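What follows is a single structure, written as structure tokens, with notes after it.
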Amino acid sequence: MLDAYYADNPQYATRSDTDSLFVDGDAVLDYAGIADETARFIEKIQLKDADLWKLFVRQFRGTPDDEDLGWRCEYWGKMMRGACMTYQYTRDEELYAVLTGTVKDLLSAQDELGRFSTYSLEKELDGWDLWGRKYVLLGMLHFHEICRDEALREEIIAACVRHADYVIEHIGDGEGKKQITDASRNWGGINSSSILEPIVRLYNATGLKRLLGFAKYIVDHGGSKNGNIFAIALEGKKFPFEYPDYKAYELMSCFEGLIEYYRVTHEAKWLTACRNFALMLRASDVTVIGCCGCTHELLDHSAVRQTFTKYEGIMQETCVTVTWMKFCAQMLWLTGESLFADEIERSAFNALYGAVNSYGCKTNYGLPFDSYSPLLAQIRGRKTGGFKWMEDKTAYYGCCACIGAAGTALVPLNNVLTSLGGVAVNFYLPGEAKTTTPAGQSLTIRCDTKYPADGRIRLELGLTAPEDFTISFRVPDFSDKTAIAVNGKRVDDPEPGRYCHVGHRWRDGD
């Protein structure tokens with residue numbers, strides 16, 4: 000199937016020969032337009048809400064999930080990830096203070112066994128428990144990346160190791176342990192197997208071999224008890240909607256973990272599997288607005304089904320939109336292939352920004368993001384996905400409301416990326432980015448544009464001294480006609496769906 004896909008799309012048949020791309024964690028970003036406005040809007044109305052964070056933490060001080068084996072355990076970590084990404088963009092000290100406070104609050108909720116769980120011992124390791132424990136780890140580790148307090152950083156890592164060790168003691172091949180794919184009643188256990196991602200991240204932070212061993216166990220176990228999803232992806236003969244378990248969000252989450260595992264092990268087959276999965280998902284299920292799942296929240300060959308579905312409203316989940324964007328960002332960093340930036344842009348400017356409740360939580364159950372993105376007008380906000388009551392049914396929240404901030408932050412963070420040989424410009428956001436050149440000098444890229452509302456884009460560089468390096472300009476795959484000029488001199492024939500790599504001795508004011 001991949002051979003046929005490549006025959007129809009020869010531009011994607013080989014990997015780009017560009018260097019890997021990186022987010023510059025020290026970059027100073029100052030953008031305008033919808034990407035900036037949306038990220039700051041969500042920061043203001045949601046991420047700085049200290050009472051909301053307290054509500055999420057209180058779920059770990061009891062066992063409210065005993066009755067329904069639910070997923071309210073995911074809310075804190077999922078929103079923390081997006082909040083930390085947002086802070087990396089805005090550098091807002093008020094936000095940082097709120098996040099520091101809630102991290103300390105959650106640390107105080109760790110039980111004597113090392114667990115961060117909303118499940119009792121009698122009910123644990125079932126339902127969505129490991130899924131929630133995954134998100135605690137992800138939230139803590141994302142905050143660890145931005146934390147400036149060394150003592151708190153050490154406390155976070157110690158707590159995460161205790162939390163992970165409890166899982167390792169109870170999940171695995173040993174006597175008396177439960178297999179990870181049996182630690183859930185849902186979708187072959189792919190939700191539980193997605194803990195792979197933070198386990199590898201925690202290994203990176205600690206170097207503890209038992210964590211890498213547990214990650215290997217998860218990969219060797221194949222993600223699902225109904226079939227080895229990683230082996231299926233490596234073979235490249237089935238589209239993701241044909242996998243034995245095809246819940247879109249959870250399936251993509253497993254492959255986010257496989258990407259992290261590849262980064263550590265350097266086993267090329269796992270990068271191949273992830274790339275196969277991404278390209279085949281893109282071909283079979285990503286719709287015109289950059290999301291998946293026209294049958295509720297399931298992969299269902301949506302690239303075709305979007306043309307005749309009944310549009311009942313429960314389709315194309317925002318959790319899927321953001322997870323697809325995050326997965327594409329990972330593939331962009333690894334491969335340097337601009338098609339993944341194309342996908343991020345399509346998802347952001349359509350499904351994601353279209354799901355933002357710009358009325359400031361006065362509609363849609365008071366949540367900042369719609370859960371679903373139907374393709375017809377006048378049918379938004381009909382249902383809240385991942386809806387859970389808390390506090391004796393006096394408060395509630397939804398999963399898509401918690402994940403949205405990761406998407407709104409991802410766009411500005413990935414607008415200008417660095418490489419060993421220079422920089423790449425992806426989304427042409429108006430404003431400026433201050434990063435560094437390969438030689439280490441400060442580089443400012445100023446952008447004047449109304450893109451994507453119009454096609455004129457003017458970039459100007461700020462440099463202290465002339466330097467030879469490459470700027471890679473993303474040429475959108477939808478652009479049939481593109482022209483690039485440097486100081487008035489035309490760059491020949493940029494190809495749509497690729498980067499145009501312009502090597503030059505750049506000077507201040509170019």
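Anchor point for the sequence shown: position 226 equals 225 in numbering that gives the first Met the number 0, and the numbering is continuous, going up by one each time.
For glycine and all other residues, C-beta sits at the position ideal for the given N, C-alpha and C.
Fair warning: this is a prediction, and the values are worked out from it, not measured in the lab.
Relative to the alpha-carbon of residue i, which residue among the options has its alpha-carbon at the smallest distance?
| i | options | result |
| --- | --- | --- |
| residue 321 | 81, 46, 87 | 81 |
| residue 77 | 113, 125, 141, 68 | 141 |
| residue 409 | 425, 434, 394, 215 | 425 |
| residue 332 | 398, 500, 415, 378 | 415 |
| residue 270 | 285, 103, 327 | 327 |
| residue 20 | 428, 350, 389, 419 | 419 |
| residue 406 | 432, 343, 156 | 343 |
| residue 287 | 264, 303, 262, 278 | 303 |
| residue 526 | 428, 315, 34, 41 | In the structure displayed, the chain extends from 0 to 509; residue 526 sits before or after that span and is not available. |
| residue 392 | 29, 58, 52 | 58 |
| residue 473 | 340, 139, 69 | 340 |
| residue 462 | 475, 447, 432 | 432 |
| residue 167 | 53, 73, 251, 209 | 209 |
| residue 125 | 248, 185, 54, 365 | 185 |
| residue 480 | 471, 486, 492 | 492 |
| residue 260 | 300, 44, 229, 275 | 229 |
| residue 490 | 482, 92, 202 | 482 |
| residue 136 | 149, 212, 153, 160 | 160 |
| residue 53 | 487, 500, 390 | 390 |
| residue 313 | 374, 336, 255 | 374 |
| residue 30 | 507, 470, 413, 453 | 413 |
| residue 139 | 150, 106, 504 | 106 |
| residue 396 | 69, 151, 465 | 69 |
| residue 232 | 206, 276, 204 | 276 |
| residue 177 | 143, 154, 211, 123 | 123 |
With residue i as the anchor, note down where its alpha helix (DSSP H) starts and where it stops.
| i | result |
| --- | --- |
| residue 229 | 228–234 |
| residue 320 | 317–334 |
| residue 285 | That residue, residue 285, is in no alpha helix (DSSP H); it is neither H nor E in DSSP. |
| residue 88 | 74–89 |
| residue 404 | 398–412 |
| residue 248 | 247–264 |
| residue 22 | Note, residue 22: premise wrong, no alpha helix (DSSP H); not H, not E. |
| residue 55 | 49–57 |
| residue 138 | 128–145 |
Per DSSP, which one or two residues make a beta bridge with residue i?
| i | result |
| --- | --- |
| residue 421 | 418, 469 |
| residue 462 | 442 |
| residue 387 | 396 |
| residue 30 | 430 |
| residue 223 | 226 |
| residue 499 | 472 |
| residue 177 | 170 |
| residue 456 | 448 |
| residue 368 | 355 |
| residue 314 | 295 |
| residue 505 | 466 |
Suppose contacts are defined by Cβ-Cβ distances below 9 Å. Is residue i in contact with residue j by that definition?
| i | j | result |
| --- | --- | --- |
| residue 346 | residue 292 | no |
| residue 348 | residue 451 | yes |
| residue 296 | residue 236 | no |
| residue 411 | residue 88 | yes |
| residue 194 | residue 133 | yes |
| residue 370 | residue 318 | yes |
| residue 182 | residue 198 | no |
| residue 285 | residue 41 | no |
| residue 71 | residue 101 | no |
| residue 298 | residue 278 | no |
| residue 457 | residue 447 | yes |
| residue 25 | residue 443 | no |
| residue 273 | residue 330 | yes |
| residue 222 | residue 187 | yes |
| residue 428 | residue 34 | yes |
| residue 165 | residue 113 | yes |
| residue 367 | residue 394 | no |
| residue 97 | residue 163 | no |
| residue 398 | residue 73 | yes |
| residue 179 | residue 250 | no |
| residue 350 | residue 372 | yes |
| residue 421 | residue 502 | yes |
| residue 192 | residue 256 | yes |
Under DSSP, the beta strand (DSSP E) around residue i begins and ends at which residues?
| i | result |
| --- | --- |
| residue 337 | Where residue 337 is concerned, there is no enclosing beta strand (DSSP E), given that its DSSP letter is neither H nor E. |
| residue 431 | 430–435 |
| residue 484 | 483–485 |
| residue 379 | Residue 379 -> no beta strand (DSSP E), and no H or E assigned at all. |
| residue 488 | 488–490 |
Within 9 Å of any Cβ in chain B, is that where the Cβ of residue i sits?
| i | result |
| --- | --- |
| residue 180 | No chain B appears in this structure, which consists of one protein chain only. |
Assess contact between the segment 376–388 and the segment 433–450, defined as three or more Cβ pairs (one per stretch) separated by less than 8 Å. Is contact present? Between the segment 376–388 and the segment 433–450, the count of Cβ pairs shorter than 8 Å is below three; the stretches do not touch.
Segment contact flag, the segment 252–266 with the segment 212–228, C-beta cutoff 8 Å, min 3 pairs: Yes, the segment 252–266 touches the segment 212–228.
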